[in-house]
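Numbering (our numbering), first residue to last: 1 to 190.
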Amino acid sequence: MAHPPSHLSHKSTLAIMLRESALHGAVQTARQAHDRSFERWPPHINLLYPFLAAPSTQLETIVPRLAAAVARSPVIRGQFSNLGHFQHSPKRATVFLAPDPSTRTEIQALQACLQAAFPEVNHDTRPFEPHLTLGQAGGGAAGTATLRRKLETAVLPAAAEGWTIASVVVLERNGQDDPFRVVHECALAD
């Protein structure tokens, strides 16, 4: 991805985070073994990334916009029973936990509300595809298939319980290699 304009930063995002649960444990175990970004990122789905630069210094303007955007967005009782992957090159892919179609639609609706509330966060023009990264695979199609089989066994049984998405978080990190931290959390309507 090209460098964002100066008002946006890859050091911040609006996201939903996977909280403590059986699924959280399975996801984190898989990510620790297979995701090169495990130390920097919590288990999450980006909604707007890159986000506004230095959001912790702009919370007085971000929070009201965020709260208004999600005021009518209901809690999502999500199901994630599929894996998918993005092919980065003939030899590299990212394997992810994918929402079921109805959950995907609900997350896309939430993201659209946030995009409307933050129209200046427009650097990534690709269609929004909700996903939770589990790991990266090398070795082309065979390597991707091998990692998918491992993750199907390790993660999908725990995914059967579902995932309640009850809030949106603003994540920020100081340096490019520092871990993200929550600087604000906004509850969805219940």
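Don't be surprised by glycine CBs; every beta carbon is placed ideally from N, CA and C. Please read all numbers here as calculations on a predicted model, not as lab measurements.
Range of the contiguous beta strand (DSSP E) that encloses residue i
i: Thr125; result: That residue, Thr125, is in no beta strand (DSSP E); it is neither H nor E in DSSP.
i: Ala93; result: 93-98
i: Arg173; result: Counting along the chain, Arg173 falls outside any beta strand (DSSP E), and DSSP gives it neither H nor E.
i: His44; result: 44-48
i: Ala53; result: First-last for Ala53: undefined, no H or E at that position.
i: Ala15; result: 12-17
Opposing strand residues paired with residue i [DSSP bridges]
i: Cys186; result: Val168
i: Gln136; result: Thr94
i: Ser9; result: Phe51
Beta-carbon gap between residue i and residue j smaller than 7 Å
i: Ile76; j: Pro130; result: no
i: Gly143; j: Pro90; result: no
i: Leu188; j: Ala166; result: yes
i: Ala158; j: Ala22; result: yes
i: Pro4; j: His123; result: yes
i: Gln79; j: Gly162; result: yes
Unbroken alpha helix (DSSP H) run spanning residue i, endpoints
i: Leu23; result: 22-34
Is the number of C-beta pairs between the segment 153-172 and the segment 115-123 that are closer than 8 Å three or more? no
Three or more C-beta pairs below 8 Å linking the segment 133-146 and the segment 53-73: no
Given 8 Å, three or more beta-carbon pairs between the segment 8-21 and the segment 33-52: yes
At what residue ranges does the segment 59-117 contain a whole run of the beta strand (DSSP E), taking only runs of 3 or more? 76-78, 82-87, 93-98
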